[in-house]
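To start, the structure under review is shown below, and the notes come after it.
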Amino acid sequence: MPRVIPPENLGCPPIRALTFDSLGLIKVTEARGKERGTPTVVNTWGEMNASRTVLAASIDDRLRNPLLAVARKDGNVEVLNPCNGDLHFSYSVFGDDGCSPEDNEISALHLFRKKIDDQAERSCTLLTCTKKGDVSLRSVKFPDSHGDSTDDASPKTWKACGSGEILVGKVDGSENFSLFGGKRVEANIWDLEQCTKIWSAKSPPKDNLGIFTPTWFTSATFLSNDDHRKFVTGTKSHQVRLYDISTQRRPVLSFDFRETAITAIAEDPDGHTIYVGNASADLASFDIRTGKLLGSFLGKCSGSIRSVVRHPQHQVIASCGLDRYLRVFDVKTRHLISAVFLKQHLTGLVFDSGFSGEETAEANTVVEAATEEKMTIMDQEDDETEEAPVKRKKSKKEKRSREIVFEGEDDEENEDEIEKAPVKTKKSKKEKRSREKVVSEGEEKDELRSKKTREHKKKTKKVKHNQEDLV
Numbered sequence: 001m002p003r004v005i006p007p008e009n010l011g012c013p014p015i016r017a018l019t020f021d022s023l024g025l026i027k028v029t030e031a032r033g034k035e036r037g038t039p040t041v042v043n044t045w046g047e048m049n050a051s052r053t054v055l056a057a058s059i060d061d062r063l064r065n066p067l068l069a070v071a072r073k074d075g076n077v078e079v080l081n082p083c084n085g086d087l088h089f090s091y092s093v094f095g096d097d098g099c100s101p102e103d104n105e106i107s108a109l110h111l112f113r114k115k116i117d118d119q120a121e122r123s124c125t126l127l128t129c130t131k132k133g134d135v136s137l138r139s140v141k142f143p144d145s146h147g148d149s150t151d152d153a154s155p156k157t158w159k160a161c162g163s164g165e166i167l168v169g170k171v172d173g174s175e176n177f178s179l180f181g182g183k184r185v186e187a188n189i190w191d192l193e194q195c196t197k198i199w200s201a202k203s204p205p206k207d208n209l210g211i212f213t214p215t216w217f218t219s220a221t222f223l224s225n226d227d228h229r230k231f232v233t234g235t236k237s238h239q240v241r242l243y244d245i246s247t248q249r250r251p252v253l254s255f256d257f258r259e260t261a262i263t264a265i266a267e268d269p270d271g272h273t274i275y276v277g278n279a280s281a282d283l284a285s286f287d288i289r290t291g292k293l294l295g296s297f298l299g300k301c302s303g304s305i306r307s308v309v310r311h312p313q314h315q316v317i318a319s320c321g322l323d324r325y326l327r328v329f330d331v332k333t334r335h336l337i338s339a340v341f342l343k344q345h346l347t348g349l350v351f352d353s354g355f356s357g358e359e360t361a362e363a364n365t366v367v368e369a370a371t372e373e374k375m376t377i378m379d380q381e382d383d384e385t386e387e388a389p390v391k392r393k394k395s396k397k398e399k400r401s402r403e404i405v406f407e408g409e410d411d412e413e414n415e416d417e418i419e420k421a422p423v424k425t426k427k428s429k430k431e432k433r434s435r436e437k438v439v440s441e442g443e444e445k446d447e448l449r450s451k452k453t454r455e456h457k458k459k460t461k462k463v464k465h466n467q468e469d470l471v
């Protein structure tokens, strides 16, 4: 699961991403609105079939008649309309060779971009490469109805390697040169017009311990659309290498990134920043001029990253992989701004840069205006209800006080008599006790006095008797 996204980073600019998964589905995810929005899945094309897994994809997101090409596991290449998913045509790269797709799957696909004119509006050019190095470059005309395509001319074919497996294939921005590499296949550059190899890399020397690292390229990209001489590769041995074919055959710069295989590399339009993803779900940006780590992207994935793409207009990148999440990151802050769960293992993604989201934004503004009108009407109704008198139920205390007031008005004449009448107040226990104590003390004093008077009388009697006896 992705980490918690801070509130200030929620939402992303209007983007449209097409993702491909291991069951052959194509899912369209859009973030609508002129400002930041939340990406949601709006369309799903295809049927679930493991034999139709999408292995590679390429898009020509021109404004007029955009095209999307996908290469599937069964050896078929399909050209679709990326706006609605309609199939223009499909063909098989294996033909009648008798080679099974399991032994020789498609590893690279490129749909050429070119200016649209009346003659080329119903055609396209495709480059495909299989694991065994069979490269095919063909121009195809769209059929009138859905079905097989028709080739303008016989396709150009050649072998990119004699042994090993081709795992990486890229075409530069000018679409005149292509790059190939893979397992036990060194990186090499081909001229597409002449179909000839113009440069081949030389394997790096042994390390200090005398250990030779076998060649195993897993990803690659050109640094600039205008220059095919500089490109970056990622290897199975977690190395990132920079090549410059105008200087030497060995890497100009090489550095390690974590401890797992590099699985995806994307370039930035500035020409010197790259984004690297690996099999342990780490995503980071580097300055390829010095090999300095610029920073790691927050919001760590939980599965191997299979594709990283930089949006050509907005400051965001997207990644997808085996954890089934499409994640969108901000390039400047390197924070996760959105994550969408897509249910299947994802094999790749592309951006549709022609998507602006203005139509949906206009619809949203209409809905917002309608809701604002409703709110104003509700506020007016609340004001009217506040002005009207409100009848509320009286409490028991208020009723009793009102009865007392009415009784007092009826008996105004007898108020003086009521005030003159003696009022008997109930004495407290302390007062009673103090009163009893005072009474008991008075009785004791009276008894003492009576005692003293009696004794005095007795004494006087005795004195009188004694005097009489003396006489």
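Heads up: the sequence shown runs through residues 1 to 471, numbered per the UniProt record's numbering.
Ideal placement from N, C-alpha and C gives every residue a C-beta, glycine not left out.
Since the structure is predicted, the reported quantities are computational estimates derived from the model, not experimental observations.
- Under the 10 Å beta carbon count, Arg72 is surrounded by 16 or more other beta carbons and is classified as buried.
- The C-alpha of Ala339 lies about 23 Å from the C-alpha of Met48.
- Thr221 is not a Cβ neighbour of Ile288, given a cutoff of 8 Å.
- Counting along the chain, Lys343 sits inside no beta strand (DSSP E), nor does DSSP assign it H or E at all.
- Sixteen is the threshold: since fewer than 16 other Cβ atoms of the shown chains lie within 10 Å of the Cβ of Phe212, the residue is exposed.
- Under a 10 Å Cβ-count criterion, Ala318 is classified as buried, with 16 or more other Cβ atoms of the shown protein chains found around its own Cβ.
- Where Asn43 is concerned, the enclosing beta strand (DSSP E) starts and stops at Thr40 to Trp45.
- If you draw a straight line from the Cα of Lys114 to the Cα of Phe20, it is about 25 Å long.
- Within the DSSP bridge table, the entry for His110 names Leu127 as partners.
- Phe177 is bridged by DSSP to Asp191.
- Secondary structure of Thr460 (DSSP, three-state): helix.
- The straight-line gap separating the alpha-carbon atoms of Ser136 and Val79 is approximately 16 Å.
- Considering only Trp45, Gly46 and Ala31, the residue with the shortest C-alpha distance to Pro39 is Ala31.
- Here Lys457 is exposed: its Cβ has fewer than 16 other Cβ atoms, across all protein chains shown, within 10 Å.
- Counting only residues of its own chain and dropping the five nearest sequence neighbours on each side, Phe355 has a CB closer than 6 Å to the CB of Arg16.
- Restricting attention to beta strand (DSSP E) runs no shorter than 3 residues, the region 63 to 109 encloses them at 67 to 72, 76 to 80 and 87 to 92, ordered along the chain.
- With contacts defined by Cβ atoms closer than 8 Å, Ser163 and Ser139 do not form a contacting pair.
- Here the C-alpha atom of Leu209 lies approximately 20 Å from the C-alpha atom of Lys202.
- With distances taken between CA atoms, Glu102 lies nearest to Thr53 out of Cys83, Ser90, Leu127 and Thr53.
- Rounded to the nearest angstrom, the gap between the Cα atoms of Gly95 and Asp172 is 28 Å.
- By alpha-carbon distance to Thr260, the top candidate from Ser280, Lys159 and Asp268 is Ser280.
- For Asp207, the three-state secondary structure derived from DSSP is coil.
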